[in-house]
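Numbering (mature numbering (1 follows the signal peptide of the UniProt record, and there is no 0)), first residue to last: -24 to -1, 1 to 189.
Remarks on the structure that follows.
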Amino acid sequence: MNRFGSFAAAVLAGACLLFGARSADGQVVAEPAMLTAGIPAGETFLPYIAIPDNSFVLGGMIRFAVADDIDIGGRAGLWLIDDAKDTPFAGADLRYGLLGRRLSSGGGLFHLSFDVGLGVSEPSATVWKFPVGFLAGIGFRLAGGDSEIFTFPRLELGVSSGDDSSDVALMLDLGGLFTITPRFGVMLDLRFGDGNFGEGDAVVVGLGGVWRL
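Below you can see the structure in the form of structure tokens.
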């Protein structure tokens, strides 16, 4: 990626974190992470919808590669909650590729990455979240593009200005990215786990489209 792309990526990440002082996401809202273990060589854009209990999350994420094995992402959207105030959100994360190894000659490629994010939301009490974990996936070629089956176990640390000042949650994503053309694919991601501060132990489904820019 050229210097302008790297600069734009850094500006976007910084803007997302600054906007987070009002309402932001590092998996702050009840949604899957929508992340693969493999790191694309260029920029990608992913609009998505997630379906928690009694609500919808409409969001979009753009990612920029800043090195061969590092990219950063910024996301924004709107959490539409039944019988409650709709909450806009934004945020950023960093993904670092630890390993990419061919399983066999002509076979799939095993990916292992590390991801860390930062987010804050303020529908009532101010809540900060710090998700951190490792992504693992098996990459393969489909319709001329990179596809992957992935999992993302992570720890989410929460700090709140409400009665419960802190919380910890163990979350798990299972999903897949399936290319339809060399530049476009669809992603299905299921989030499992009891989220921070009574978010609820439920399966959250996420569905999105991935464009390679």
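Think of the CB as a built atom: it goes at the ideal place given N, C-alpha and C, for glycine as much as any other residue.
- In this chain, G83 is not harboured by any beta strand (DSSP E), its DSSP state being neither H nor E.
- Each residue's CA atom was taken as its position, placing V135 and M10 some 23 Å apart.
- The criterion of a C-beta distance shorter than 7 Å is satisfied by A112 and A13.
- With a minimum length of 3 residues, the unbroken runs of beta strand (DSSP E) contained wholly in the region 25 to 78 fall at 31 to 43, 46 to 57 and 63 to 78.
- Ranked by Cα distance from D29, the options K105, V96, G182 and G67 are led by G182.
- Ranked by how close their Cα comes to the Cα of G36, the residues F21, I48, D47 and I46 have F21 in first place.
- Contact between the region 113 to 133 and the region 143 to 153 is established, with three or more Cβ pairs separated by less than 8 Å.
- For the pair K61 and L34, the Cα-to-Cα distance works out to about 15 Å.
- In chain order, N30 and S31 place their CB closer than 7 Å to the CB of D58, counting only its own chain and leaving out the 5 sequence neighbours on each side.
- Around the beta carbon of T157, fewer than 16 other beta carbons sit within 10 angstroms, so the residue counts as exposed.
- In the DSSP annotation of this structure, the continuous segment of the beta strand (DSSP E) that includes G121 starts and ends at G121 to S136.
- Of all alpha-carbon atoms in G67, F128, A66 and F154, the one lying nearest the alpha-carbon of L166 is that of F128.
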